[in-house]
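Engineer: Below is one structure. I have some questions about it.
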Amino acid sequence: MASENSKSANQVDSTPKKRRPGFKIGPDNLPDGTYRRKVVKIKKELIRKAKIKKSYAKIKASESISLATTNTLTSSLKNLPSQELHPERQAMLNTPDEEITSTNKQEQFPQRRHRSKRPSYFEKEQAFAEKKKAEKEAQREEFKRRAKERAEKLEDRKRFRKAMAKARIPGKNGQRKLGRESVVLLEKIKKNFEGKKIT
């Protein structure tokens with residue numbers, strides 16, 4: 001029985017350990033771009049922090065070993081006469097904590113007031129879309145204006161034809177009505193000479 005347990009233990013040790021793939025931040029299928037770079041940056045930052053913690057733990061372990069030696073040094077230092085504090089430092093230590101914290105907060109974070117604008121990742125696309133929208137709106141307005149002009153011209157032609165048809169109808173004595181016809185012809189002449197300057 002004991003030999004079977006030792007064999008199974010040896011078999012477990014002989015199988016190679018699976019290599020762990022490390023930790024993941026964010027999805028694997030991100031395309032190269034803003035979000036991918038951000039994920040990579042976060043991962044690097046986490047690795048850096050872990051290394052700092054590890055080195056701190058090593059230093060702390062070595063400090064605990066040398067702590068015994070420092071205890072003897074501190075006891076010898078206590079026997080030495082203490083030095084007097086500088087008057088400004090003494091005044092700072094004597095002031096209440098509330099006054100210090102209120103002034104420190106203002107001095108400590110001056111950059112909080114001047115926050116820069118967050119980068120907009122789609123500014124170019126947004127500007128392009130707005131430009132396209134403005135162009136479409138201008139085209140729509142132009143189309144409406146032309147349609148209105150066309151309708152006005154058609155209406156004018158219709159009115160002119162009607163007026164000329166009425167004027168050409170002979171009167172009671174069979175002659176044309178020159179008064180009506182002259183008004184219509186005068187309007188036609190005015191329209192022809194509107195764009196032209198007479199010198």
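First residue of the sequence shown? That's 1 in UniProt numbering, and the numbers climb one at a time after it. For each residue, glycine too, the CB sits at the ideal point set by N, CA and C.
(1) Helix, strand or coil, according to DSSP, for residue 171 in the structure here?
(2) Identify the continuous alpha helix (DSSP H) that holds residue 179 and give its terminal residues.
(3) So, do the segment 21–28 and the segment 37–45 have three or more beta carbon pairs nearer to each other than 8 Å?
(4) Output the boundary residues of the alpha helix (DSSP H) element that contains residue 93.
(5) Can you tell me whether residue 15 is helix, strand or coil according to DSSP?
(6) Does the distance from the CB of residue 181 to the CB of residue 167 come in under 8 Å?
(7) What whole-angstrom Cβ distance do residue 170 and residue 176 have, given they're in contact under 8 Å?
(8) For residue 200, is the classification buried or exposed, using 16 other Cβ atoms within 10 angstroms of its Cβ as the cut-off for buried?
(9) Under three-state DSSP, which class holds residue 140?
Structural biologist: On the basis of the data shown:
(1) As a first step, residue 171 must be located in the sequence shown, where it is residue number 171. In the structure shown, residue 171 sits in coil (DSSP, three-state: anything other than H, G, I, E or B).
(2) Position 179 of the sequence shown, counted from the first residue, corresponds to residue 179. Element bounds for residue 179: 178–194.
(3) yes
(4) The residue given as residue 93 occupies position 93 in the sequence shown. Taken as a continuous stretch (DSSP letters only), the alpha helix (DSSP H) holding residue 93 covers 87–94.
(5) In the sequence shown, the residue the question calls residue 15 occupies position 15. Coil, per DSSP.
(6) Indexing the sequence shown from 1 puts residue 181 at position 181. Indexing the sequence shown from 1 puts residue 167 at position 167. Yes, the pair counts as a contact, with Cβ atoms nearer than the cut-off.
(7) In the sequence shown, counting from the first residue as 1, residue 170 sits at position 170. In the sequence shown, counting from the first residue as 1, residue 176 sits at position 176. Confirmed, Cβ separation roughly 6 Å.
(8) In the structure displayed, the chain extends from 1 to 199; residue 200 sits before or after that span and is not available.
(9) Stepping through the sequence shown from its first residue, residue 140 is reached at position 140. If DSSP states are grouped into helix, strand and coil, residue 140 belongs with the helices.
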